[in-house]
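Enquirer:
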Amino acid sequence: MKLFIKHHISFIILFISVFICLGVIIEVLGGIENNFKYFVFLSFFQLFIFLFIKYFRNYRIYNILCNKPKELEDMLLNNPKSSLEEEFSLNQREYFKIFNNKVLELESIQKEYKTFIDQSIHQMKTPLSVISMISQNNGENEDFKKVLIQVNSLNYYLSQTLNFLRLSDIEKDMQIEKINLRTVVVEVINGLKDFFILNSIYPSVNINENIFVFTDKKQIKNVIYQITTNGIKYSKKNSKLIFDIEINTKYTILNITNEGIGIPSSDIDRIFDIFYTGENGRIYGESSGVGLYITKKILDLLSHNITVKSVLNGKTTFSIYF
Numbered sequence: 001m002k003l004f005i006k007h008h009i010s011f012i013i014l015f016i017s018v019f020i021c022l023g024v025i026i027e028v029l030g031g032i033e034n035n036f037k038y039f040v041f042l043s044f045f046q047l048f049i050f051l052f053i054k055y056f057r058n059y060r061i062y063n064i065l066c067n068k069p070k071e072l073e074d075m076l077l078n079n080p081k082s083s084l085e086e087e088f089s090l091n092q093r094e095y096f097k098i099f100n101n102k103v104l105e106l107e108s109i110q111k112e113y114k115t116f117i118d119q120s121i122h123q124m125k126t127p128l129s130v131i132s133m134i135s136q137n138n139g140e141n142e143d144f145k146k147v148l149i150q151v152n153s154l155n156y157y158l159s160q161t162l163n164f165l166r167l168s169d170i171e172k173d174m175q176i177e178k179i180n181l182r183t184v185v186v187e188v189i190n191g192l193k194d195f196f197i198l199n200s201i202y203p204s205v206n207i208n209e210n211i212f213v214f215t216d217k218k219q220i221k222n223v224i225y226q227i228t229t230n231g232i233k234y235s236k237k238n239s240k241l242i243f244d245i246e247i248n249t250k251y252t253i254l255n256i257t258n259e260g261i262g263i264p265s266s267d268i269d270r271i272f273d274i275f276y277t278g279e280n281g282r283i284y285g286e287s288s289g290v291g292l293y294i295t296k297k298i299l300d301l302l303s304h305n306i307t308v309k310s311v312l313n314g315k316t317t318f319s320i321y322f
């Protein structure tokens with residue numbers, strides 16, 4: 001109530017002043033019966049003056065409330081010129097303090113959560129490495145072969161979870177350098193050697209040893225790893241996974257091509273959406289809908305484009321533009 005009276009004290013004073021003045025003027029002129037129109041005119045004139053002054057003093061508040069802010073700072077009112085603007089500004093700044101404190105609190109909780117998940121995944125990878133080693137040493141046993149397949153799947157999904165967890169921090173750790181593309185592709189293939197063998201897929205690398213590109217080696221390796229893993233999973237038995245290069249005036253293009261089930265045309269535009277598994281995911285049940293999302297995010301941060309061409313039950317080609 002006090003704030004309301006404070007903001008309208010000028011109107012109250014103006015109203016009383018004009019009321020007294022009007023009463024005196026009308027009385028001098030012969031009473032309201034003979035000067036009704038004049039009285040109405042003065043009353044509306046008083047209202048107009050009051051509204052004009054109020055708007056002029058507080059129009060910045062109305063602008064803030066009427067316009068959608070693009071940034072949080074757009075909601076702040078600097079250098080208040082009236083008591084209402086001053087109260088509004090103080091109020092907004094208090095909201096900002098509460099908001100920022102809440103953001104800091106949530107960021108702290110999220111950091112603790114990410115640290116816990118990160119450490120837990122690394123702890124899980126240690127026994128998995130032991131199980132994998134035992135399974136490889138007993139590779140002639142069919143049961144151990146099945147165990148090794150499941151261990152590889154677990155390692156893949158744990159690595160995918162780590163990559164997703166660290167996605168927001170990738171940009172901070174990026175280091176753009178000149179790398180040999182063939183070397184990176186061969187490193188990925190060697191890391192997936194067991195997966196190639198288990199699925200009876202044969203890698204074919206048609207990349208000149210003198211092909212260099214500028215990128216972040218660690219992250220582009222993760223991207224090629226993800227696309228290669230998908231290529232192996234969805235390829236026909238005893239087929240090839242082909243890595244080759246195209247070079248034009250603008251780009252060096254890495255093509256990764258597999259021959260398998262293909263991707264339906266209705267899914268092509270959505271395969272990079274998070275958790276989108278598409279028709280193949282529903283049929284085969286092996287897709288998490290996260291891997292290609294991470295791939296696209298990393299490539300966006302690296303300013304590399306990616307395109308996909310696919311024929312159903314035929315060839316699928318992922319092309320990365322450097």
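The UniProt record's numbering applies: residue 1 is where the sequence shown begins, and numbers increase by one. Glycine included, every Cβ here is placed at the ideal spot set by N, Cα and C. Since the model is a prediction, treat every value here as computed from it, not as a measurement.
From the DSSP output, in three-state form, read off asparagine 63 for me.
Expert: Of the three classes helix, strand and coil, the one that applies to asparagine 63 here is helix, per DSSP.
Enquirer: Thinking C-beta only, is isoleucine 298 closer than 8 Å to valine 185?
Expert: The answer is no: Cβ separation not under 8 Å.
Enquirer: Mapping the DSSP letters down to three states, classify glutamate 107 as helix, strand or coil.
Expert: Glutamate 107: helix per DSSP, three-state reduction.
Enquirer: Looking only at C-alpha atoms, which of Gly262, Ser265, Gly291 sits nearest to tyrosine 276?
Expert: Measuring from the Cα of tyrosine 276, the nearest candidate turns out to be Gly291.
Enquirer: Could you give the residue range of the beta strand (DSSP E) that holds tyrosine 157?
Expert: Unbroken run through tyrosine 157 is the alpha helix (DSSP H), 142–165; no beta strand (DSSP E).
Enquirer: Would you kindly work out how many angstroms separate the C-alpha atoms of glycine 314 and glycine 262, rounded to a whole number?
Expert: Between glycine 314 and glycine 262, the C-alpha separation is close to 5 Å.
Enquirer: If we ignore side chains and look at the alpha-carbon of each, how far apart do serine 83 and valine 103 end up?
Expert: Rounded to the nearest angstrom, the two C-alpha atoms are 30 Å apart.
Enquirer: Quick one: using the 10 Å Cβ neighbour count with 16 as the cut-off for buried, is serine 108 buried or exposed?
Expert: So serine 108 counts as exposed.
Enquirer: Give the DSSP-derived three-state secondary structure of residue 323 in the structure shown.
Expert: Outside the displayed span of the chain (1 to 322) sits residue 323, for which this structure offers no information.
Enquirer: So which of Glu259, Leu106, Asn63 has the shortest CA-CA distance to glutamate 85?
Expert: Out of Glu259, Leu106, Asn63, Asn63 has the C-alpha closest to the C-alpha of glutamate 85.
Enquirer: Residues in the same chain with beta-carbon distance under 6 Å from glutamate 187, minus the five sequence neighbours each way, listed in chain order, please.
Expert: Hits under 6 Å: none found.
Enquirer: Would phenylalanine 214 pass as a contact of glutamate 259 if the rule is Cβ separation under 8 Å?
Expert: It is not a contact, given that the beta carbons lie outside the stated cut-off.
Enquirer: Do isoleucine 201 and serine 235 have their C-beta atoms within less than 8 Å of each other?
Expert: It is a contact, given that the beta carbons lie within the stated cut-off.
Enquirer: What does DSSP give as the partner residues of valine 290 in its beta bridges?
Expert: Beta-bridge pairing links valine 290 to no other residue.
Enquirer: Taking the alpha carbon of isoleucine 220 as the point to measure from, which residue in Ile13, Phe41, Leu301 has its own alpha carbon closest?
Expert: Comparing Cα positions, the closest option is Leu301.
Enquirer: So, at 8 Å on beta carbons, what are the nonlocal neighbours of leucine 148 in its own chain, with the 5 sequence-adjacent residues on each side left out?
Expert: For leucine 148, where only same-chain residues beyond five positions count, the Cβ hits under 8 Å are Ser132, Ser135, Gln136, Gly139, Asp194, Leu198.
Enquirer: If you follow the alpha helix (DSSP H) that valine 311 is part of, which residue opens it and which one closes it?
Expert: Neither: valine 311 is in no alpha helix (DSSP H) and is coded neither H nor E.
Enquirer: Return the chain-ordered ranges of every alpha helix (DSSP H) run that is complete within the region 188–237 and spans a minimum of 4 residues.
Expert: As far as the region 188–237 is concerned, its whole alpha helix (DSSP H) runs of at least 4 residues are 193–198, 217–233.
Enquirer: How should phenylalanine 56 be labelled, buried or exposed, when 16 other C-beta atoms within 10 angstroms of its C-beta is the threshold for buried?
Expert: It is exposed - the Cβ of phenylalanine 56 has fewer than 16 other Cβ atoms within 10 Å.
Enquirer: Ends of the beta strand (DSSP E) at glutamate 177?
Expert: Its beta strand (DSSP E) spans residues 176–180.
Enquirer: Could you tell me the distance, in whole angstroms, from the CA atom of isoleucine 117 to the CA atom of asparagine 155?
Expert: Cα-Cα distance, rounded: 15 Å.
Enquirer: Can you tell me the Cα-Cα spacing of asparagine 230 and lysine 70, whole angstroms?
Expert: In a straight line, the C-alpha of asparagine 230 is about 39 Å away from that of lysine 70.
Enquirer: Given this structure, state the Cα-to-Cα distance separating leucine 165 from phenylalanine 272, to the nearest angstrom.
Expert: Approximately 17 Å, taken between the alpha carbons.
Enquirer: Tell me whether serine 89 sits in a helix, a strand or coil according to DSSP, three-state version.
Expert: DSSP places serine 89 in helix when its eight states are reduced to three.
Enquirer: Which residues in the same chain as threonine 252 place their Cβ atom closer than 6 Å to its Cβ, once the five residues preceding and following it in sequence are excluded?
Expert: So the list reads Val213, Phe322, once near-sequence residues are dropped.
Enquirer: Can you tell me whether DSSP reads isoleucine 256 as helix, strand or coil?
Expert: Looking at isoleucine 256 - three-state DSSP - the assignment turns out to be strand.
Enquirer: With distance defined between alpha-carbon atoms, name the residue in Thr161, Leu181, Arg270, Phe243 nearest to arginine 115.
Expert: Here the sequence assigns threonine to residue 115, which means arginine is not the residue at that position. Ranking Thr161, Leu181, Arg270, Phe243 by Cα distance to threonine 115 puts Thr161 first.
Enquirer: Below 6 Å CB to CB, which residues in the same chain sit around isoleucine 227 once its five sequence neighbours on both sides are set aside?
Expert: Ile256, Phe318.
Enquirer: Report the residue from Cys66, Ser265, Asn206 whose alpha carbon sits nearest the alpha carbon of lysine 240.
Expert: With distances taken between Cα atoms, lysine 240 lies closest to Asn206.
Enquirer: Quick one: Cα of residue 323 to Cα of glutamine 123, how far?
Expert: Absent from the model: residue 323. The displayed extent of the chain is 1 to 322, so no value can be given.
Enquirer: Where DSSP assigns a beta bridge to aspartate 244, which residues make up the other side?
Expert: Asn206, Asn255.
Enquirer: I believe isoleucine 268 touches valine 308 by the beta-carbon criterion, under 8 Å. Please report the beta-carbon distance rounded to the nearest angstrom.
Expert: Yes, they are in contact, since the Cβ atoms of isoleucine 268 and valine 308 sit about 6 Å apart, within 8 Å.
Enquirer: Between the beta-carbon of phenylalanine 243 and the beta-carbon of serine 204, is there less than 8 Å?
Expert: In this structure, serine 204 lies closer than 8 Å to phenylalanine 243 by Cβ.
Enquirer: So which of Phe196, Asp216, Ile13 has the shortest CA-CA distance to glutamate 171?
Expert: Here the closest residue by C-alpha is Asp216.
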